[in-house]
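Residue numbers (our numbering): 541 to 705.
This is the structure in structure tokens:
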């Protein structure tokens, strides 16, 4: 079985103010911190504004490169008019994995009822797992705490490297 050390990850932060340099990317920092502790290797990181075409083009670029096993997005998953990350993600997925965001919403609801407002998606594109996370550091930490046990297995299954199935 493959170890986490063999897997590469990317973090895409979706934030108008972060893209303009008006706000530090704390949620992206948190995603990198958690994934590094889980022994994944960072390969790409970027910040884009809340624009569907920019989000989707970056997801396509990274997933189709063949260099990234998991892409985590932070931000743009709420209900404000500019929150469009799920729409951009849906456009690029080969197929969705609804259980991942369902687990995130349920698992984080014990900390805040606001978790039911997140519209994040997860799925596969080009054998790369893409997961939408909230834009807060707590949301990123709690969301990754919920799904950390299935990330490696999901990647192995979609890349057909898990010999147990």
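Where a beta carbon is used, it is the ideal one built from N, C-alpha and C, also for glycine.
**Q.** residue 624 versus residue 592 - alpha carbon distance
**A.** 6 Å
Q: Taking only the alpha-carbon atoms, compute the straight-line gap between residue 541 and residue 701 and give it to the nearest angstrom.
A: Caution applies to residue 541, whose pLDDT of 48 falls short of 50 and renders its modelled position unreliable; the value that the coordinates give is listed next. Roughly 8 Å separates the two Cα atoms.
Q) What is the DSSP secondary structure of residue 622, reduced to helix, strand or coil? A) coil
Q) In chain order, what residues of the same chain lie with their CB nearer than 6 Å to the CB of residue 568, ignoring the 5 residues before and after it? A) 551, 553, 614
Q: Report yes or no: do three or more beta-carbon pairs, one from the stretch 645–662 and one from the stretch 676–685, lie closer than 8 Å?
A: yes
**Q.** Those residues which DSSP pairs with residue 549 across a bridge
**A.** 582, 610
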